[in-house]
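Going left to right, the sequence shown walks through residues -7 to 253 as this note's numbering numbers them. One structure is given below, encoded as structure tokens.
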Amino acid sequence: MSDGQPSILVMEKAVRVLDCFTPEHTRLSLSDLRRMTGMPNSTVARLVRTLVASDVLQKTGDEYCVGLRVLGWASAASAGSDLLVAADPVAAHLRDVIGETAGVYIRRGTTRVAVIVKLSSRSVIYRSDVGQLMPMHLGAAGKVIMAHDERVLNAVLVETADQVPGESRAALDRQLEFVRENGWLLTEEEREAGLNSLAAPVFDASGSVAAAIAVGGPSFRLDRAAAEKFGPMIAASAHALSRRLGHDGAGPSAVPGSATV
């Protein structure tokens, strides 16, 4: 074993602990962390002690939360991220023009996480939070990422093999092909009843899919007619954002058509 490998393994385990903390799970006990990471009791206890000593985690009673030190990292990451800096005004513009909540999502394993959220000002809206984790295979944002990343697609298919019957797989294939041909996708009520989403992929300088930019809203407003109108707009915005990140590929086709199956 090389000198660097033990340190890398410790870092990977510490990241697994930190990944347990989300906007839905801000305070966790040691037993929670052991259950969520699947690591031995002694390993979790040792990592947590180190993270608390470094102000990365904070202990309150028998529970732990993310420490204040991480806030400084979050600010630096936001300020230094080309994607966040470039995408923030794009998401705000889409929110203002379309009137629905807009956001940017990146991959985290076989899930996606919201890194930018611009809430609609309407009374009935889709609500999300920065840091919220969502399934990759449900909703337009995850599927436009899957359409352009075969490794993610294969991993998700393995993970959801017992949930996706053959007819659903055929429908998924049609959705992914639509994304590749048109640059956007509408999904209807996949995550929850009454919620539709419309998304397009964003690429980095290497040509890899870096994120998805999406809008979400109630199905009575964000319907197929709205998708025909706004889908090409979202695809064009994603293409412009990709160019800001150094991607020089051709823009998506703006051919109208329904992506729902």
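Glycine is no exception: its CB is placed at the ideal position from the N, C-alpha and C atoms. Predicted model only: the values in this text are computed from it and were never measured.
Assignment of Ile0 by DSSP, reduced to helix, strand and coil, places it in the helix class.
When DSSP states are grouped into helix, strand and coil, Leu214 belongs to the coil group. For Ala185, the three-state secondary structure derived from DSSP is coil.
Relative to the Cα of Ala94, the nearest Cα in the group Phe222, Arg213, Gly208, Ala232 belongs to Gly208. Under the 8 Å Cβ criterion, the segment 80 to 88 does not count as touching the segment 119 to 126, having fewer than three qualifying pairs.
Within the same chain, and ignoring the five residues on either side of Gly134 in sequence, the residues whose Cβ sits closer than 6 Å to its Cβ are Arg104, Met128.
Proximity to Leu25 across Cys57, Ser(-1), Ser46, Asp47 peaks at Cys57, based on C-alpha coordinates. Boundaries of the beta strand (DSSP E) harbouring Arg104: 103 to 110, taken from the DSSP string. A Cβ-Cβ separation of about 6 Å places Ala192 in contact with Gly175 under the 8 Å criterion. Approximately 10 Å separates the beta-carbon atoms of Arg216 and Leu190; this is outside 8 Å, ruling out the contact. Within the segment 118 to 167, the alpha helix (DSSP H) runs of at least 4 residues that lie entirely inside it are, in chain order, 132 to 138, 142 to 151.
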